[in-house]
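Residue 219 in our numbering sits at position 206 of the sequence shown; the count goes up by one each step and never skips.
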Amino acid sequence: PPLDSTRTVPLHCCVPLCKQRGVRDDHGNKVSFFAFPSNPVLRRKWLIAIKRDEGKHFTISKFTKVCSAHFQEKDYLSNIACGHRFLKQDTVPSVFAFNVAKRPPRKAPLQRMPPTPKIPTAEKGATDYTSADGVASKAKTSATTVNESVDGNLTSYDVAVEGSSADENRGDAMVDDTMNAAVDSDENETSYAVSVEESAPDENTRDMIDNTVNAAADIDNAVNEDGTEIITNTTAASVATCDSLMADDATDMDGTETFATNLPTDYTIVELVPITELRRLEEQAASQAQVIKNLQIQLNRCKDQLTQAEDTLHHAQAELQAALAKCSSLEKHEAELKETKHALCKCRRELELALQQCKTLEAKSSRRFCIDCFKDSPADVLFYTGLPSHDHFMRLLRFLDPGEDGENVKVWSTTYSDKARKAGRRSILSPAEQFFLLLVRLRLGLFERDLAYRFRVSKATVSKVCITWISYVYLHLGQLHLWLPREAVDDAMPPAFKDRYPTTRVILDATEVKCEASSSLVLQSATFSPYKSTNTFKGLIGISPDGTVTFISEPFTGSMSDKECVEKSGFLKLPFDDGDSVMADKGFRIEEMLKKINVRLNIPPFLRKGYFTTEEVKETEQIASLRIHVERRIQRIKNFHIFDRPVQISLAPVVSEMWAICVALTNFQSPLMKASDD
14 PPLDSTRTVP LHCCVPLCKQ RGVRDDHGNK VSFFAFPSNP VLRRKWLIAI
64 KRDEGKHFTI SKFTKVCSAH FQEKDYLSNI ACGHRFLKQD TVPSVFAFNV
114 AKRPPRKAPL QRMPPTPKIP TAEKGATDYT SADGVASKAK TSATTVNESV
164 DGNLTSYDVA VEGSSADENR GDAMVDDTMN AAVDSDENET SYAVSVEESA
214 PDENTRDMID NTVNAAADID NAVNEDGTEI ITNTTAASVA TCDSLMADDA
264 TDMDGTETFA TNLPTDYTIV ELVPITELRR LEEQAASQAQ VIKNLQIQLN
314 RCKDQLTQAE DTLHHAQAEL QAALAKCSSL EKHEAELKET KHALCKCRRE
364 LELALQQCKT LEAKSSRRFC IDCFKDSPAD VLFYTGLPSH DHFMRLLRFL
414 DPGEDGENVK VWSTTYSDKA RKAGRRSILS PAEQFFLLLV RLRLGLFERD
464 LAYRFRVSKA TVSKVCITWI SYVYLHLGQL HLWLPREAVD DAMPPAFKDR
514 YPTTRVILDA TEVKCEASSS LVLQSATFSP YKSTNTFKGL IGISPDGTVT
564 FISEPFTGSM SDKECVEKSG FLKLPFDDGD SVMADKGFRI EEMLKKINVR
614 LNIPPFLRKG YFTTEEVKET EQIASLRIHV ERRIQRIKNF HIFDRPVQIS
664 LAPVVSEMWA ICVALTNFQS PLMKASDD
């Protein structure tokens, strides 16, 4: 975030070679400062960008800033109403002084001389042409000296051509016309070169030209020692001005080129040139023409090559456009391919997850934990459920009648309303599996997490199923009449009881199970048992002489005495017959209460005289040998290991129902007397 310019703390930029201090730069512009990002990855990118490392000499703190001069305009968020400058996400500084390369100063260009034109020369029959204007340059010579000798005497003719201010083209035409006129006037192969000077045209000039030509024809063909024809020096009178010269070129019938000399006005014949010089000039002109022709051919060839190059360029541009269009199409296809790959990867991931889930379900189905796994093993059924066999389990389930889909079972909820009963999705556990889960919970005392793993459900489902089925089973088992009539007790009474205590109707005893201590001091005092020296629940159990459970009380607090438990449990309200007797331990001092209902109490004798008499010892032994059956029944009850650990306070509302179910399920097991005889 940007910093306020009104801060009094001096600000400076931590970037090397940056001299920014304060919120204004050298030009008075406002400068913002940005703290290093908290993201470690982005912070590392900032450190790499500014070429610094954290260490002894550089530590990043909340005062370590980077000024806005190191960011580009595109790095800021636009349309910020407050006027502050905010960086975009994942922005990294990129403008630094050390990134700008210093260029060395450029050297001054060398002073070069202008090119010098070359003059064509001819030496020993060879001609060197450096330009197409060689002939014209030759014609522009300012002075020519001809030395000739006649009869051994050297005669020098110094003829100077003084050119006027005519242009180069007109001077070249003048030389050519003069040369042609001199050749035509000499029948004996004597040629004269005439250089003229432009003057005012008149008739006298024409007469002077004719006189000059005639004078030249009268001269003998004198040959000097070098074999060069000489031309007599003209007198001043032979110099005349011409009023005009014909310069038009004409072509004869045979196609040969002739020269019609048209002399301009005011030309003066000042020089006669040897024929050899004229021939040399003609050769030079022909060579220059050939050079020009070759250059023209080369130029045409270059034009053709340029045309071909342009065609090739247009073709290449067309191919480039096609390639660019193809690249654009390929980019679109590449984007579509990336999307397809992304979708394919997503589908593959979903497929992998589905396959993994299928494998998990297969593994779970292969290790499915249910009552059918132990259908052929009564010992395993007894171990997991407390019932003798799979047949007993199915009979009890049919008695409970939960329905095919458990529609007869009212699901537990905090409100117990019909809406809560129908809410939620259908359970994946069948009624048989739910009942089996409850029995395993009571029999083995497994934790809810273990049961959730075994039955492949959630822990909350296990808790809900247990509470629901505890109430459901308790309601149905509570309908059974456990108290047996006198005739049934006499028919099933073992011989030991018939011989010694034939009037015994029930054997009464109490047992205690541990529970967690409550946070309430009152409940802690109520549940504390002086006999067990811990917090317990106490319950009464009554069995018939043959070992069948005929009475089950609700659990009471551990501090309550046996007599008080008998009084509050409703035991005295059972339908006793006159003359019945109850066998109990010494702790049950309920003889007075039983007398009120004409029931006698059989308990071991108390020590009164400091020792037991023989009759008292025998009586104690007899009662103890018969009361052992109730102890065995209590042991079977405690084989339901849900009571091995202290009962949780959270289970206190259903502990009475759990206790009754566990005690009642022991009646489905094998008889105690038969086991004793074996």
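Idealized CB from N, CA, C, for every residue including glycine.
Report the residue from the options whose alpha carbon sits nearest the alpha carbon of residue i.
i      : options                        : result
Met596 : Pro543, Ala523, Ala298         : Ala523
Gln682 : Val105, Leu395, Leu312, His83  : Leu395
Phe468 : Phe71, Cys383, Leu455          : Cys383
Thr633 : Lys101, Lys351, Lys599         : Lys599
Ser443 : Ser531, Tyr514, Gly419         : Gly419
Leu497 : Ser557, Phe46, Thr516          : Ser557
Arg649 : Thr540, Thr626, Glu604, Val562 : Val562
His405 : Leu678, Glu365, Pro127, Arg125 : Leu678
Phe653 : Leu614, Val470, Gly458, Lys101 : Gly458
Gln102 : Ser531, Ser51, Leu639          : Ser51
Ala673 : Thr626, Ile483, Leu350, Thr474 : Ile483
Ala509 : Gly555, Val630, Ser531, Asp559 : Asp559
Leu536 : Met573, Asp503, Glu375         : Met573
Ala62  : Ser107, Pro53, Gly41           : Ser107
Val676 : Phe625, Asn611, Phe564         : Phe564
Glu670 : Lys316, Gly552, Gln297, Lys586 : Gly552
Leu529 : Leu664, Ile310, Glu86          : For the sequence presented, residue 529 should be read as Glu rather than Leu. For the residues Leu664, Ile310, Glu86, the minimum Cα distance to Glu529 belongs to Leu664.
Leu495 : Pro543, Gly555, Ser546         : Gly555
Glu86  : Asn112, Val105, Lys69          : Val105
Glu629 : Leu374, Leu294, Gln370, Pro617 : Pro617
Val667 : Ser582, Ala392, Glu605, Pro568 : Pro568
Exposed or buried, which one is residue i when buried takes at least 16 other CB atoms within 10 Å?
i      : result
Thr549 : buried
Asp324 : exposed
Ile636 : buried
His642 : buried
Gly571 : buried
Cys479 : buried
Pro29  : exposed
Met126 : exposed
Lys32  : exposed
Glu446 : buried
Asn615 : buried
Cys26  : buried
Pro588 : exposed
Arg57  : exposed
Thr191 : Because Thr191 sits at a pLDDT of 41, beneath the cut-off of 50, its placement in the model cannot be relied upon, and the following sentence gives the value as read from the coordinates. It counts as buried.
Thr540 : buried
Ile310 : exposed
If I'm right that residue i touches residue j with Cβ under 8 Å, what's the distance once you round it to whole angstroms?
i      : j      : result
Asp590 : Arg499 : 5 Å
Leu400 : Val486 : Not quite, the Cβ-Cβ distance comes to about 12 Å (not below 8 Å), so this is no contact.
Ala110 : Lys78  : In fact, because the Cβ distance is near 17 Å, the residues do not count as touching under 8 Å.
Leu90  : Phe99  : 5 Å
Phe656 : Val526 : 4 Å
Asp575 : Arg518 : Not quite, the Cβ-Cβ distance comes to about 18 Å (not below 8 Å), so this is no contact.
Val424 : Pro415 : Actually they are not in contact, since the Cβ atoms of Val424 and Pro415 sit about 11 Å apart, beyond 8 Å.
Val475 : Leu455 : That pair is no contact at about 13 Å.
Lys43  : Arg34  : Not a contact, Cβ separation roughly 14 Å.
Going by DSSP, what residues sit across from residue i in a beta bridge?
i      : result
Val595 : Val519, Leu614
Thr570 : Phe550
Gly555 : Leu521, Phe564
Leu100 : Tyr89
Ala48  : Lys78
Val526 : Phe550
Arg37  : Lys43
Cys578 : Answer is none; Cys578 lacks a bridge partner.
Cys27  : BP columns for Cys27 are empty, so no partner.
Ser683 : None, per the DSSP bridge assignment.
Phe541 : Asn548
Val660 : Cys528
**Asked** Would you say the stretch 484-497 touches the stretch 453-464, given that touching needs at least three Cβ pairs under 8 Å?
**Response** Segments in contact, no.
**Request:** Would you check if the stretch 34-54 and the stretch 70-85 touch, i.e. whether three or more CB-CB distances between them fall below 8 Å?
**Result:** Using a Cβ-Cβ distance cut-off of 8 Å, the stretch 70-85 and the stretch 34-54 are in contact, since at least three pairs of beta carbons, one from each stretch, lie closer than that value.
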